Amino acid sequence: MKTIELANHFFQNLVSPYSRDIKSKIESDNLSLINAVSYSFVVSHFTDYLWECEKTRSRQTQRHEIIKCLDERFGLLGNRFKLGTFNFINALNNSVKHVGLDRAKRHNSNIQGHHGLLNIQVLNNKDGRIWFDNGINRFDYGRIILRHVSSLFSVSYEELPEDITMEILHGEYNFYCDNDEFDHDNPTQAIDILVDRLNPICLDCGMPEDGCDCDSFIFTDDIACFKPEDKGYMDYDKIMSAISGAYKLD
Ligand SMILES: [Zn+2]
1 MKTIELANHF
11 FQNLVSPYSR
21 DIKSKIESDN
31 LSLINAVSYS
41 FVVSHFTDYL
51 WECEKTRSRQ
61 TQRHEIIKCL
71 DERFGLLGNR
81 FKLGTFNFIN
91 ALNNSVKHVG
101 LDRAKRHNSN
111 IQGHHGLLNI
121 QVLNNKDGRI
131 WFDNGINRFD
141 YGRIILRHVS
151 SLFSVSYEEL
161 PEDITMEILH
171 GEYNFYCDND
181 EFDHDNPTQA
191 IDILVDRLNP
201 ICLDCGMPED
211 GCDCDSFIFT
221 DDIACFKPED
231 KGYMDYDKIM
241 SAISGAYKLD
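As numbered in the UniProt record's numbering, residues 1 to 250 make up the sequence shown, in order.
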């Protein structure tokens with residue numbers, strides 16, 4: 001029982017508040033190398049807590065199975081990190097911790113075969129953004145990877161389930177928040193809704209189209225570009241009618 005308590009404490013007091021802090025730093029281009037590396041440490045260490053919890057629950061689990069489970073439930077979709085988003089963070093973290101990765105180990109060889117060399121030198125700060133660049137892949141590590149994970153784990157205290165570790169690995173808890181924050185039945189929000197729909201942010205980097213530079217990123221198996229976020233259905237006539245009494249339906 002004590003292990004699970006400690007893991008929940010770790011999430012509540014470290015992972016969750018740190019995620020909110022990191023998310024805010026990423027969104028304001030104020031992320032330092034220390035921030036990015038230490039947050040990656042914390043996320044990887046949380047994997048160890050989850051693993052210890054599973055052992056306490058008498059489940060015969062390997063550490064890599066915990067990472068696989070996180071990736072299946074919460075990893076980025078698409079081909080960019082098809083070996084896993086959490087797997088990538090974990091490998092990068094290990095490469096920093098162990099002065100590079102030992103290629104003799106099959107797991108390390110696989111991930112470096114796919115993404116290229118991993119070590120502390122592949123991360124660099126430029127203008128408050130942390131870039132991953134090893135000559136094979138080049139992308140904004142903060143906006144593509146850490147933004148995704150920190151959004152998932154930015155759970156507020158009121159929303160925290162009693163046993164977050166169980167919810168993450170086996171529960172129905174939905175970390176993905178609703179990306180439509182508007183009330184479509186409230187006519188006073190109609191203009192804001194229209195402006196929001198006409199100015200989608202990039203699904204990958206979180207920037208509006210004129211600030212998105214995803215088309216300069218290089219991934220092993222993907223072409224990067226601006227990907228507008230799908231905000232779901234909007235009743236155009238209803239919104240326009242709320243904005244202007246002069247609006248006429250076709
Ligand atoms: Zn983008």
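We put the CB at the ideal spot given by N, CA and C, even for glycine.
Here the structure is a predicted model, which is why all the values come from computation and not from measurement.
As assigned by DSSP and simplified to three states, the class of residue i
i	result
residue 212	coil
residue 76	coil
residue 102	coil
residue 119	coil
residue 186	coil
residue 237	helix
residue 87	helix
residue 71	helix
residue 226	coil
residue 138	strand
residue 127	coil
Near ligand 1: residue i beta-carbon under 6 Å from a heavy atom
i	result
residue 204	yes
residue 212	yes
CB of residue i within 7 Å of CB of residue j, strictly
i	j	result
residue 43	residue 89	yes
residue 31	residue 120	no
residue 47	residue 114	no
residue 92	residue 118	yes
residue 206	residue 147	yes
residue 142	residue 36	yes
residue 23	residue 150	yes
residue 67	residue 51	no
Residue i beta carbon near ligand 3 (any heavy atom closer than 6 Å)
i	result
residue 110	Here the bound small molecules are ligand 1; ligand 3 is not part of this structure.
Three CB pairs or more closer than 8 Å across the segment 100 to 115 and the segment 194 to 206:
no
Taking three-plus beta-carbon pairs below 8 Å as touching, is the segment 183 to 197 in contact with the segment 53 to 71?
no
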